[in-house]
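Trainee:
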Amino acid sequence: MDETIPRLAVYKFTSCDGCQLAFLNAGEALLTLSGLVEIVHFSELGKVDPDAKVDIAFVEGSISTPDEEEKIKRIRENSRYIITIGACATAGGIQALRNFGSHENWIASVYASPEHIKTLNTSSAISRHIKVDWELWGCPVNTKQVMDAIRSLLSNASPRIKRDAVCIECKRKGNVCVLVAKNEPCMGPVTQTGCGALCPSVGRACYGCYGPNENPNPQSLGQWFEQYEGLSKEAIANRFLHINNQAPAFNQAGQYFKGIKITNE
Ligand code: SF4
Ligand code: SF4
Ligand code: SF4
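Residue numbers (this note's numbering): -2 to 262.
Structure follows, in structure tokens:
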């Protein structure tokens, strides 16, 4: 970063706004941040200047409409660094479930006048459209991860994003393993850390909201679910083809168990 105060923006695409709330939930850290950067665009915060030149751009949401395809290219031209936040921006999000079917049928089943709706066939990750510098996963993204990324960039360092499995964090916390002790189909072995093993810490199975960890083996985990937990192939496929269904490792595992071909274009 240069000597002048860095300019920061938070942009929204197709999403529920939950990841932007990760910023707003930062409390005192947000006040500190406002003294370190100039927030030039963040509509949830009441700042609107979508075509401003910025140093750090956070992007929430997936690309689902022709307008969004254009808008994300402009943001890339205007931004020094782009960090995508959340499952929608990094892997399509829940709205990417439509990629499995006909988008015309989906629109007709939802809207009374579908002819007024302009949308793409698919919902896709931001990185399928532009170069992304870093990705922070999760649904929603973790507030601490966002703040750590900003602090790193303000110190002229690359954000350090851990890609370990949730299991590592779970073991550090001394949690009882729900996969072993309760026969729950926990996706922690193939999901990247960042949430503090939130679900297993309260006795629930991880459902993979942080997307695949580094070098995952989802086929092997799926076979475990089938063999030891009695899940059907379809139930296993649905676990991988959920909010991170455009992440290649989960997408391929989903296809493997369901035997379907998914449209990614
Ligand atoms: S990743 Fe989850 S919380 Fe974030 S915008 Fe998408 S749906 Fe909302
Ligand atoms: S509960 Fe889940 S995340 Fe935790 S150690 Fe067991 S399999 Fe891994
Ligand atoms: S344990 Fe899994 S499902 Fe729960 S918050 Fe963490 S990554 Fe998401």
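We put the CB at the ideal spot given by N, CA and C, even for glycine.
Every value quoted in this text rests on a predicted model; they were computed, and no experiment measured them.
#1: With three or more beta-carbon pairs closer than 8 Å as the criterion, would you say the segment 157 to 168 touches the segment 179 to 191?
#2: Between Cys206, Cys203 and Phe247, which lies nearest to Ser217 when the distance is taken from Cα to Cα?
#3: On the three-state DSSP scale, how would you describe Ala109?
#4: Between Ser73 and Thr87, what straight-line distance do the alpha-carbon atoms span, to the nearest angstrom?
#5: Can you tell me whether DSSP reads Lys159 as helix, strand or coil?
#6: From the DSSP output, which residues share a beta bridge with Ala93?
#7: Thinking C-alpha only, which one of Pro245, Thr1, Trp131 and Ile233 is nearest Asn212?
#8: Check Glu57 in the structure and name its three-state DSSP category.
#9: For Leu176, is the beta carbon positioned less than 7 Å from some heavy atom of ligand 2?
#10: Should Pro197 be counted as a contact of ligand 2 given a C-beta to heavy atom distance under 7 Å?
#11: Establish whether the CB of Glu181 and some CB of chain D are separated by less than 8 Å.
#12: Quick one: Cα of Val107 to Cα of Lys70, how far?
#13: Give every residue of the same chain whose Cβ lies closer than 8 Å to the Cβ of Phe237, excluding the five residues on either side of it in the sequence, and list them in chain order.
#14: Rounded to a whole number of angstroms, what is the C-alpha to C-alpha distance between Phe55 and Lys141?
#15: Look up Gly98 in the DSSP assignment and give the residues it is bridged to.
#16: Would you mind reading off the limits of the beta strand (DSSP E) that contains Glu35?
#17: Taking the beta strand (DSSP E) that Leu151 belongs to, which residues open and close that run?
#18: Can you look up Lys128 in the DSSP assignment and give me helix, strand or coil?
#19: Are the Cβ atoms of Ile82 and Leu133 separated by less than 8 Å?
Mentor: Concretely, from the data shown:
#1: yes
#2: Phe247
#3: coil
#4: It should be noted that the sequence gives Arg, not Ser, for residue 73. Going from the Cα of Arg73 to the Cα of Thr87 covers about 16 Å.
#5: coil
#6: Answer by DSSP bridge pairing: none, since Ala93 is not bridged.
#7: Pro245
#8: strand
#9: yes
#10: yes
#11: Considering every chain present, this structure includes no chain D. It has just one protein chain.
#12: 29 Å
#13: Gly205, Pro215, Gly219, Phe247, Asn248, Ala250, Gly251 and Phe254
#14: 14 Å
#15: Per DSSP, none; premise fails for Gly98.
#16: Glu35 to Phe39
#17: Run containing Leu151: none in the beta strand (DSSP E); it sits in the alpha helix (DSSP H), Thr140 to Leu151.
#18: coil
#19: yes
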